[in-house]
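Enquirer:
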Amino acid sequence: MVLVLVIGDLHIPHRIHDLPHKFKKLLAPGKISQVLCTGNVCDRETMEYLRSIVGGQEISLVRGDYDELPSIPSSLTIAHSNGSLRIGLIHGHQSLPLGSLDALSAIARQMDVDVLISGATHSVMAKEYNGRFFLNPGTATGAWTGSWNSSRPGVAVNTPEGVRSTGPTGDPTPSFALMDIQGTVVVTYVYQFLDGDVKVEKVEWRKPDGYGSDGDRIGAKAPMSPGVGGVMPQSIPNPTPSSPQAGDW
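Counting from 1, one number per residue, gives the positions in the sequence shown under the UniProt record's numbering.
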């Protein structure tokens, strides 16, 4: 199993100076195996910080609409579990309307991935749709965006279908996600900085076991787990390989 940090839309230093301190305390080196970044990192120091989380290794990064380096790819496909789980990574400004599940689903089909990670909206989403899993980690810093308005949903909560945003907040909520990948099961934890504390929601998704006549994957999926509300533990626990509840707390 692999513990993967999913993070993006930091916009440092142009829109905000840093991540919340409590996020940085949680994201200490030594527990996270891989970083997937949806882009808009914007400066070298932040890039080096993300690398430090995984001991200086390279991170998987796609180009956001405010990233200037042309060498950063616009999309990536990452294989896990000996190729049985394919994860697509994009910034998300390519989908129109922005954040539309139908548009993202079309991109996922084109990329032939089981999980599609995107950003751009600065709003959290973790949801199964048409047999695939869609994850948006939101903005790790709470940076403002021109597409945001005060009536737009901003706080992630669990629903029977997955984690989605609900309840106006006025500003984007700082957030990131961790994926605990166990074969073809993805256990996702969404972290949010709310009222001075780090809150967590959990959702579990299992890759479907077949295909429908339209080419979309079908099959029985694991039910979405109820939310794990409250204050985060002081550290991110190590997954336990022998335990079916690895990554849970």
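Backbone N, C-alpha and C fix where the C-beta goes; we use that ideal spot for every residue, glycine too.
Only a predicted model underlies this, so the values are computations on that prediction, with no experimental measurement involved.
Just verifying my parser: in three-state terms, what is the DSSP assignment at residue 96?
Expert: Residue 96 falls in the coil class under three-state DSSP.
Enquirer: Starting from residue 106, follow the beta strand (DSSP E) in both directions and report where the run begins and ends.
Expert: Where residue 106 is concerned, there is no enclosing beta strand (DSSP E), although the alpha helix (DSSP H) it sits in stretches over 101-111.
Enquirer: Assuming residue 175 is part of the beta strand (DSSP E), what are its boundary residues?
Expert: Segment 175-182, the beta strand (DSSP E) holding residue 175.
Enquirer: Across the region 133-148 and the region 106-125, are there enough close Cβ pairs to call them in contact, namely three or more that are closer than 8 Å?
Expert: Because the criterion of three Cβ pairs below 8 Å is met, the region 133-148 and the region 106-125 touch.
Enquirer: Could you tell me whether the region 86-105 touches the region 28-41, where touching means 3 or more Cβ pairs closer than 8 Å?
Expert: As far as the Cβ criterion goes, the region 86-105 touches the region 28-41, which means the pair count is three or higher.
Enquirer: Could you tell me if residue 73 is buried or exposed, where buried requires 16 or more neighbouring beta carbons within 10 angstroms of its beta carbon?
Expert: Exposed, by the Cβ-count rule.
Enquirer: Measuring only the C-alpha atoms, how far is residue 21 from residue 51?
Expert: Cα to Cα, residue 21 sits roughly 17 Å from residue 51.
Enquirer: Would residue 190 and residue 204 be called neighbours here (beta carbons separated by less than 8 Å)?
Expert: Contact flag unset, no.
Enquirer: Go ahead and label residue 182 buried or exposed: buried means 16 or more other beta carbons lie within 10 angstroms of its beta carbon, across all protein chains shown.
Expert: Counting Cβ neighbours within 10 Å, residue 182 comes out buried, since at least 16 surround it.
Enquirer: With C-beta atoms as the reference, is residue 101 less than 8 Å away from residue 188?
Expert: Against a cut-off of 8 Å, the Cβ pair of residue 188 and residue 101 comes out as no contact.
Enquirer: Under the rule that 16 or more other beta-carbon atoms within 10 Å means buried, what is residue 199, buried or exposed?
Expert: It is buried - the Cβ of residue 199 has at least 16 other Cβ atoms within 10 Å.
Enquirer: Whole-angstrom Cβ separation of residue 178 and residue 3, contact assumed at under 8 Å?
Expert: Right, their Cβ atoms sit about 6 Å apart.
Enquirer: Which of the three DSSP states is assigned to residue 52 in this structure?
Expert: Note: residue 52 maps to helix in three-state DSSP.
Enquirer: Label residue 25 either buried or exposed according to how many other C-beta atoms from any shown protein chain fall within 10 Å of its C-beta, with 16 as the threshold for buried.
Expert: With fewer than 16 Cβ atoms within 10 Å of its Cβ, residue 25 is classed as exposed.
Enquirer: Around the C-beta of residue 99, are 16 or more other C-beta atoms found within 10 angstroms, so that it is buried, or is it exposed?
Expert: Residue 99 comes out buried.
Enquirer: Between the alpha carbons of residue 131 and residue 186, how many angstroms are there, rounded?
Expert: One C-alpha to the other measures close to 13 Å.
Enquirer: Helix or strand or just coil, what does DSSP make of residue 204?
Expert: Residue 204 falls in the strand class under three-state DSSP.
Enquirer: Should residue 213 go down as buried or exposed, given a rule of 16 or more other Cβ atoms within 10 Å for buried?
Expert: Caution applies to residue 213, whose pLDDT of 30 falls short of 50 and renders its modelled position unreliable; the model cannot decide the point.
Enquirer: Do residue 88 and residue 116 have their C-beta atoms within less than 8 Å of each other?
Expert: A contact, by the Cβ cut-off of 8 Å.
Enquirer: Write down every uninterrupted run of the beta strand (DSSP E) in the region 19-89 whose length is 3 residues or greater and which is fully enclosed by it, in chain order.
Expert: Counting only runs of 3 or more, we get 34-37, 75-80.
Enquirer: Who are residue 132's beta bridge partners in DSSP?
Expert: DSSP, once it has assigned bridges, lists 129 as partnering residue 132.
Enquirer: Is it buried or exposed for residue 71, if we count other Cβ within 10 angstroms and need 16 for buried?
Expert: Result: exposed.
Enquirer: Could you tell me the alpha carbon to alpha carbon distance between residue 127 and residue 66, rounded to whole angstroms?
Expert: In a straight line, the C-alpha of residue 127 is about 26 Å away from that of residue 66.
Enquirer: First and last residue of the beta strand (DSSP E) that includes residue 117?
Expert: 115-117 is the extent of the beta strand (DSSP E) around residue 117.
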